[in-house]
Each structure stands twice: as C-alpha cells, then as structure tokens.
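Position 170 of the sequence shown, counted from 1, bears residue number 170 in the numbering used here, the numbering being contiguous throughout.
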Amino acid sequence: MTAGLQHSPRLLLTSLHIENFRNLDSASLEPLPGLNWLFGENGAGKTSVLEAIHVLARGRSFRANSISPLIRDGARELRVVARTANPEARAGVERSASEWTGRINRQPTTKMSEFARLLPLVLVDPENHALVEGAPAIRRSFLDWGLFHVEQSYLSDWKRYSRLLRQRNAALRTQAAPALLQALEQPMAEAAAAVEALRARYVSALQAGLASLESELEFHVDTIALSYRPSAHTAEEYLARWLETRDRDLEQGFTRDGPHRGDLSIRAGDRMAAPRLSRGQMKLVALMLKLAQMGLASSADCEPVLLLDDPVSELDGYHLDRLLTWLRVQPNQAWITAVARTEDAGAGLFHVEQGKILQVL
C-alpha cells in the first residue's frame, strides 16, 4: 500500500480531559505511550473513557446512536479535549444534544475527517464479532476506514461516487430520461472503478498482514482467507451493468449495484467463516483483522491508537497472554479496560470508581 494522508508520527495521546460524559463529571488523564489499563467495577466508567476518545476522533459513540445519552445528567453539554505527542496537535469537541463545536489547535473546524486524521483509532469491543457475521455495511465501513488512512485518493473517489450515486437515485425516482442517466453514469462508473480497485488492493494487503499476524500471535483459529467481492471491476463493466439493470432500477427508484453494495469475503479454511466458526472464534478472527488493519496504518506512519474494551472477559488466558505480549512490542498506544487491577510493568494504570479516575501509575 502507498502512504495516504499525511500524518505526524507518534499520534498517541499525551493528555485527555473529559467533562460531563455519562457518569464522568471531570477527569484528566496523562497516559503512557504503550499500554494503559483502566480498571474498576462494572459501571464505574471505564468504557466511558474509551467512548469519549471515540467521540473525539469520530464524532459518534460506539455504544449509543445519539449524543443525548452521553451527556451527564444535569449537564447541558459534554466536552473532550486531548493532546498528542505532536506538540502542535490539540483537539477538542463540545457536544450538546443539538449542537457540535470542534477545534483543532484552537481553530474551529466542522470537518470530522480532520479529527479522524489527527487521531486514528482502532476499536475492539465485545461486539467485534459483527465484523465477521454482521451485515456487509459493517465490513465496508471497516475497509473504508482503513483506506482513508493509507490511500491519498480514496476519500475523494468515494465522495465523488457517493455524490453521483445520490444524483442517479434522484433521477431514477423521477423517471428521468435515458440521456440524463447516461450523463451521470459515465463519471459515476469511473469513480466506482477507482473505489473498487483501491478496496481490492487493500484487501490483498490485509491478507498479507494477516498471514504475518497468524505466525506472530499463534491464535487457535483456522487459516483465514480474504477476498473482495465487487459488483463489477472496470468502468466499462459498470456502464454495461447499469444499462442492463436500468429498468429494474427505475422501477425500484434506486441503484442496486455498485461499491455501496460491495462486501469483504472472510473464509476459515475452505468454508465461509460466519456459519463455520463459534462466536468466540469469530471474535478472534475479528481481532486479527483489526490488528492487521492497525499494522497497515502504522506502516503508513499513522500508528492508530487501539481501544480494547474488556479483553480479559472476551479472551481465554492463552489468547489474552499472546495478545498482550504482541502489543508490548508494537509502536501503538493502547487503552484497555478490565475489572481487576493488572500488574503490567511499564504500563499506565488508572483506577475508575463511581465516575472518578485516579492515576495509579
């Protein structure tokens, strides 16, 4: 893969301040460059710290569909501010139920892509198995995030395709003349082919990264094989496809085929992973995919921050030990939640209790 968007190296967090986020009133943390453990009883607020980082970097929660549940009872808005190892990089967001205010280096911004570029995240949580057995949209989102961070042209190609797709769908709903549809389909096919080519190349790179991980981690799972399944491969194929399906699309009022319907195929051994593997095995496969993605981004000087929610409960002793041993030699910063205190030499340690956070180490 080629390096994509320009990142400053060592994008780890050096400080984090959270206000009015779920049960967290006001908390300031100074994490270490490597592993950082957040420990405490269930409901103490450990996962809320990960969630706050996620809201800062991606503008949304990974646990709630709206912002309102995240704002502490009695407060009007939440606030999350962070500094990175780059002294020029400081980011903050304020969210009320209806308004969003973002700043990078004290300058207002309305582009979430700037926050995502500044603070790339890889999240592994108890719902991670959905990457294997969930809807294709989950896997497309996984690919899109990875490509955003390693391929310079991907975001513009995807935005161009999405804009033309909306225009074609609007034209279909109004039963537009064939000439208008043809005028939209030519540039749309070019954008679609560009998106599909980048996705296919990225999946090949993921497969190579996965092969390396399999030997390093020694997880007990079948050999995983990845492939990308596009609707078509070239602009010419897309033009022919859309001409062939035009009557159906006009009848239904939307475009059935295109990169918005692509999928990542995940096989375990000689069969599809989802029906073959147990829930625990699917979680291991999803974890490996996320770590392979993190490795690809790191090779592009991105070095995402890893958020690990409750791996002690999700993994058995063998796989947890293999994972932590591997993480300790990676350049990435990791935030890890657990119920019990973990003695981990060189790691940051934070005790979370009833919405209060005490830095132990």
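Virtual Cβ for every residue (Gly too), placed ideally from N, Cα, C.
Residue i to residue j, Cα distance in whole Å?
i: Arg328; j: Pro304; result: 15 Å
i: Ile336; j: Ser227; result: 31 Å
i: Thr245; j: Thr174; result: 17 Å
i: Asp257; j: Arg241; result: 8 Å
i: Arg140; j: Val221; result: 23 Å
i: Ala193; j: Ser15; result: 42 Å
i: Phe254; j: Arg163; result: 14 Å
i: Glu314; j: Phe39; result: 15 Å
i: Gly34; j: Leu172; result: 52 Å
i: Ala235; j: Ser153; result: 17 Å
i: Leu217; j: Pro136; result: 27 Å
i: Gln330; j: Asp263; result: 30 Å
i: Gln359; j: His351; result: 6 Å
Residue i and residue j: beta carbons closer than 8 Å?
i: Val339; j: Asn42; result: yes
i: Ala191; j: Asp157; result: yes
i: Leu121; j: Arg58; result: yes
i: Ala55; j: Leu287; result: Checking the sequence shown, residue 55 turns out to be Val, not Ala. No, the Cβ-Cβ distance between Val55 and Leu287 is not below 8 Å.
i: Ile104; j: Ala85; result: no
i: Ala292; j: Leu206; result: yes
i: Ser113; j: Leu155; result: yes
i: His129; j: Arg279; result: yes
Name the DSSP beta bridge partners of residue i, please?
i: Leu78; result: Arg95
i: Lys356; result: Glu353
i: Thr101; result: Glu94
I'd like to know whether the C-beta of residue i is nearer than 8 Å to at least one C-beta of chain B.
i: Glu303; result: Here there is only one protein chain, and chain B is not present.
Going along the chain, which residues of its own chain have a beta-carbon closer than 7 Å to the beta-carbon of residue i, five neighbours each way excluded?
i: Gln25; result: First, the residue type needs correcting, since residue 25 is Asp and not Gln in the sequence shown. Taken in chain order, the residues that qualify are Arg72, Gly355.
i: Asn20; result: Ile71, Arg72, Ala75, Glu77, Leu78, Arg79
Grab me the residues of residue i's own chain with a C-beta within less than 6 Å of its C-beta, minus the 5 sequence neighbours each way, in chain order.
i: Gln107; result: none
i: His17; result: Ser28, Val81
i: Leu5; result: Here the model assigns Leu5 a pLDDT of 40, short of 50, so the residue's position is not dependable, and the following value carries that caveat. Cβ within range, chain order: Arg117.
i: Leu284; result: Phe219, Val221
i: Gln281; result: Val221
Nearer than 7 Å: is that true of the beta carbon of residue i relative to any heavy atom of the ligand PLP?
i: Asp309; result: The ligand PLP is not part of this structure, which contains no ligands at all.
* **Segments assigned beta strand (DSSP E), at least 3 residues, entirely inside the region 28-67** => 35-39
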